[in-house]
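Here's the structure, in structure tokens; my notes come after.
There are 2 protein chains.
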Amino acid sequence: MAIPPGTLDMLILKTLTRVREQHGFEIAEAIEQTSAGVFAVEEGSLYPALQRLLVQGLVAAEWGRTNDNRRARYYRITAAGRRRLEDEVREYDRVAKAIARVLHTAPGVA
Amino acid sequence: MAIPPGTLDMLILKTLTRVREQHGFEIAEAIEQTSAGVFAVEEGSLYPALQRLLVQGLVAAEWGRTNDNRRARYYRITAAGRRRLEDEVREYDRVAKAIARVLHTAPGVA
DNA sequence: CTCAGTAACATAGTCTATCTATGTAAGTCG
DNA sequence: CGACTTACATAGATAGACTATGTTACTGAG
């Protein structure tokens, strides 16, 4: 299923706080797994997102080798990335609560 | 604040289950109030959304008069609209839970 | 009675972010 | 060597909310 617009960067940053260094494919797999298979992160969404995060200094990257000796770019979250993640989670909670209020306001209430 | 893409139709349908007939402005105000002021529904988002819902038969509309005698289009939710609302709420919950799982998976967990 | 102000509806075009489709480099293995 | 796969990458399509603008029609001041 599609990732809700505006949440992908947050999910990537969060994933990078769980495992110190991951390359793109690993990040995508981790999101799919921790979401219990609800989300599929497409490459056309993943790599542009990682570029955005790189440019903003929220993640850092270096080229390395996978277990089976393929080249891959390994990402880790920066201090600025952690701060941004906190902000985004806070903001997401605010919005989620607001939606819940609308969805659960009883009929007849002003 | 901005309405998360993909949620506006659901919020409008839900609002119309609370008050039987409302015109556009009233719907927008109701969403702002029940969200505790978190959301502001802009006219450029509201009216296209109502058109979408009309075309799909999820709401019905008729022209009428406001309390102070201005013309306004009054909307009510249809049976198909109630079914769609149920689907969208169910889907939203699924996504929200998936995001929560990603955000709350402890470090070190596979 | 006219004219400014405003409520309500409406649409065109912009922007943002994800997706689809495609392409490339480089390693493995038969 | 050649088919297959992993991993990265980008161009273009698409969706949905936003900004900006415009129109209609009622009210109220002067």
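If you're matching them up, the sequences are chains A and B in order. With this note's numbering, letter number 49 in the first sequence gets 49, and the count goes up by one each step, no holes. With this note's numbering, letter number 37 in the second sequence gets 37, and the count goes up by one each step, no holes. We treat Cβ as the ideally placed atom computed from N, Cα and C, and that holds for glycine.
Asked, Found
"My guess is that LEU50 (chain B) and VAL59 (chain B) are in contact by the Cβ rule of under 8 Å, so how many angstroms apart are they, rounded?", "7 Å"
"Of all the residues that make up the region 72 to 84 of chain A, which are near chain B by a beta-carbon distance shorter than 9 Å?", "none"
"Does the beta-carbon of ARG71 (chain A) have 16 or more other beta-carbons within 10 angstroms, so that it is buried, or is it exposed?", "exposed"
"With C-beta atoms as the reference, is ILE27 (chain A) less than 8 Å away from THR17 (chain A)?", "no"
"When burial is assigned at 16 or more other CB atoms within 10 Å of the CB, is VAL102 (chain A) buried or exposed?", "buried"
"Could you tell me the alpha carbon to alpha carbon distance between ARG65 (chain A) and TYR74 (chain A), rounded to whole angstroms?", "9 Å"
"To which residues of the same chain is LEU8 (chain A) closer than 7 Å at the C-beta, ignoring the five residues directly before and after it?", "SER45 and ALA49"
"Going by DSSP in three states, GLU42 (chain A) sits in which element: helix, strand or coil?", "coil"
"Who are the neighbours of ARG101 (chain B) on chain A, taking C-beta pairs under 7 Å?", "THR34, SER35 and ALA36"
"Residues bridged to ILE3 (chain B) by DSSP?", "ILE3 (chain B) pairs with nothing; no bridge assigned."
"What residues from chain B crowd round THR7 (chain A), counting only those whose CB sits closer than 7 Å?", "ILE99"
"Shortest alpha-carbon distance to LEU67 (chain A) belongs to which of A:HIS23, A:LEU85, A:PRO107 and A:GLU32?", "Here residue 67 (chain A) turns out to be Asn, not Leu, going by the sequence shown. If we check each option's Cα against that of ASN67 (chain A), A:HIS23 comes out closest."
"Helix, strand or coil: how does DSSP classify ARG20 (chain B) here?", "coil"
"Identify every residue that forms a DSSP beta bridge with GLU62 (chain B).", "B:TYR74"
"Does the Cβ of ALA98 (chain B) have 16 or more other Cβ atoms within 10 Å, making it buried, or fewer, making it exposed?", "buried"
"Using a Cβ cut-off of 9 Å, pull out every chain B residue sitting near LEU11 (chain A), in sequence order please.", "ILE99, VAL102 and LEU103"
"When the Cα atoms are used, what is the spatial distance from PHE25 (chain B) to GLU62 (chain B)?", "15 Å"
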